[in-house]
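Colleague: Those letters in the sequence shown? Residues 1177 to 1621, per our numbering, in order.
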Amino acid sequence: MATGKGDVESFIRFEEGNLSPESPRISVKLSAPSHLSLTLPYQIRFTLRRAQSDTRDQTCILRWSPTIDAFSPSGLVLLRHLANEGGYEIISVDHYTGLVPLPEKDAIVVNGHNQSLWELALGGHVSFVANLPERYYRVLRADETYTLLYPGIEDTMWEWGRMKDNLGARIKREVSFTPGQRLVIPGGDRVTFTAESEAQPWPDRARVEASDGFSIANSQEQQWRLNQIKRGIPSPISVSERVPGTPALTVTIVCAVTVQQQGTFEVVMKVKYDGVVGHANASHAPAIIFHTQAFVNPRDPRHGFRAYRSRDKGRNWESCELDDGSLGASLFVDGPDIVVSVAQEDMNRHFASLLPGEEWSTKLLLQGSDWSCLPDDSVPGDVFRYSFAGTALEWWDWGTKDDHKDTFVSLPPWLHGHVTKPQDNGGRGTLMVPGSDVVEFVMTE
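1) Give the list of continuous beta strand (DSSP E) stretches no shorter than 3 residues that lie fully inside the region 1199-1250.
2) Measuring straight from C-alpha to C-alpha, what distance separates P1217 and G1533?
3) For E1451, list the residues DSSP reports as bridge partners.
4) Using 9 Å as the threshold, is the C-beta distance between K1448 and T1428 below it?
5) Skipping 5 residues on each side, what residues in its chain have a beta carbon closer than 8 Å to that of E1621?
6) Per DSSP, what kind of secondary structure is L1324 in: helix, strand or coil?
7) How about the region 1603-1612 and the region 1487-1498: do they share at least three Cβ pairs that are nearer than 8 Å?
8) Just the C-alpha distance for V1615 and T1440, rounded to the nearest angstrom, thanks.
9) Use the C-beta contact count for L1507: other C-beta atoms within 10 angstroms, 16 or more gives buried, fewer gives exposed.
10) Rounded C-beta distance between I1347 and I1284? I'm assuming under 8 Å.
11) DSSP puts Q1436 in a beta bridge; with which residues?
12) D1245 and D1365 - do their beta-carbons sit closer together than 9 Å?
13) Cutting at 6 Å between CB atoms, please list the residues of its own chain near R1561, excluding the five before and the five after it.
14) What are the boundary residues of the beta strand (DSSP E) that includes R1311?
15) Could you pull out every residue in the same chain whose Cβ sits closer than 6 Å to the Cβ of G1451, ignoring the five residues on either side in sequence?
16) Beta-carbon separation of W1536 and T1468 under 9 Å?
17) Compare the Cα-Cα distances from R1685 to each of E1265, G1603, S1250 and R1225 and report the closest residue.
18) Quick one: what does DSSP say W1590 is sitting in, helix, strand or coil?
19) Quick check on L1503: buried or exposed, where buried means 16 or more other Cβ atoms within 10 Å of its Cβ?
20) With a threshold of 8 Å, are at least 3 pairs of Cβ atoms found where one atom belongs to the region 1473-1483 and the other to the region 1566-1582?
21) With distances taken from CA atoms, which of A1528, L1308, R1418 and S1414 is nearest S1395?
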């Protein structure tokens, strides 16, 4: 239900002018896609940033949670764009029906693992992502444009010092703070999106939503749509798609010719550095370093592994989906991105460095002693073909690991995601990796 109209600025509750002289200067930034599907997850990235120049040089800790400070009555303001009239209309979101209110905490005991307690040094920041809750979807209409505005907050749950200096301390909601001591996080940042209905409805939508709820239905519909794209079977990446001046990488995969119905089975992937695209003398090519995640957990449905099965000794083939979560399962952790050195030893499985002619390899387990990625109805005699369709590396650079001892990138907190910063790979060309040859194996008893 609409409750008011105006321009965006009229809905900001706390501005720069409300900043307190005795508290840290914190800002909140939002980023999200410009299109929202009414039946798919919509992910918003929140970034808390401390000013480089502040009232004190001292580190601070504060409580900030998307649940409490964004997706709540005092949080994000939902505005509908008025196309004909101009301006914006505020849309109220029901934060109460069917929801159990979180208990208001008057204090937080610092233990070093508090999910909503953050430490910020001068110029520091933390980022995390959260899905837009169901209650917002319920008031959206297809083909309308909306803005989610962060209005700003006045928060009293903060303290000077580092986490380790405050272990065991109680950070209280001090109503006795003077105006100069209250932490004001100014509003104004926003994301704008157009709500859209999917052209082709998911056939199982109503059933899954009724049994498992809206959020799970969104996730399952997203997976179904990815599978639909895969079944379109676009052509693998070809050698002609390599970008001149970038490293030339070639992928080969090898495996046994048989897989026992109750035995382990693995595929070995080898990535060879052949030189520089468009340069004839490979021996003079410089060393390279790259993030390996795009090989085992590619982002584009066109990329990654493909499997086919024949049940009539190779006369007819059908595409089959492998439950390959073990190859690079997505694990989402609500926390800030992690900054890592690409050269540190415990990152060896995530970053590889090669000279011309050298190979990086990894093993992909398709079947264990008591589980399998192969289809559940597989039986002896089934023949499989398996191939790598290619990928695009989101981060790579020239040089060895010794050259990159001081190179740092940001990864999601679960580490197995893709590099989040730098987002443009330093302006270097996209490294397209062509698909591999096909391997074939047959299931035996």
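Quick reminder that beta carbons are idealized off the backbone N, C-alpha and C, glycines included.
Modeller: Let's see:
1) Under the rule that a run must span 3 or more residues, the beta strand (DSSP E) segments found entirely inside the region 1199-1250 read 1202-1207, 1211-1213, 1219-1226 and 1236-1239.
2) 43 Å
3) The question names Glu, but residue 1451 in the sequence shown is Gly. For G1451, which the question treats as bridged, DSSP gives the partners A1424.
4) Their beta carbons are under 9 Å apart, which means K1448 touches T1428 by this criterion.
5) Q1436, Q1437 and P1556
6) strand
7) no
8) 17 Å
9) Annotation note: pLDDT 44 at L1507 (below 50); position unreliable, coordinate value reported separately. With fewer than 16 other Cβ atoms within 10 Å, it is exposed.
10) 5 Å
11) T1620
12) no
13) Y1484, V1614 and E1616
14) Run containing R1311: none in the beta strand (DSSP E); it sits in the alpha helix (DSSP H), E1310 to Y1313.
15) A1424, A1458, A1461 and P1532
16) yes
17) Given a span of 1177 to 1621 for the chain in the structure shown, any question on residue 1685 remains unanswerable.
18) coil
19) Only weak support exists for where L1503 lies, its pLDDT of 46 falling under 50; the value from the coordinates is given anyway. Here L1503 is buried. Its C-beta has 16 or more other C-beta atoms within 10 Å.
20) yes
21) L1308
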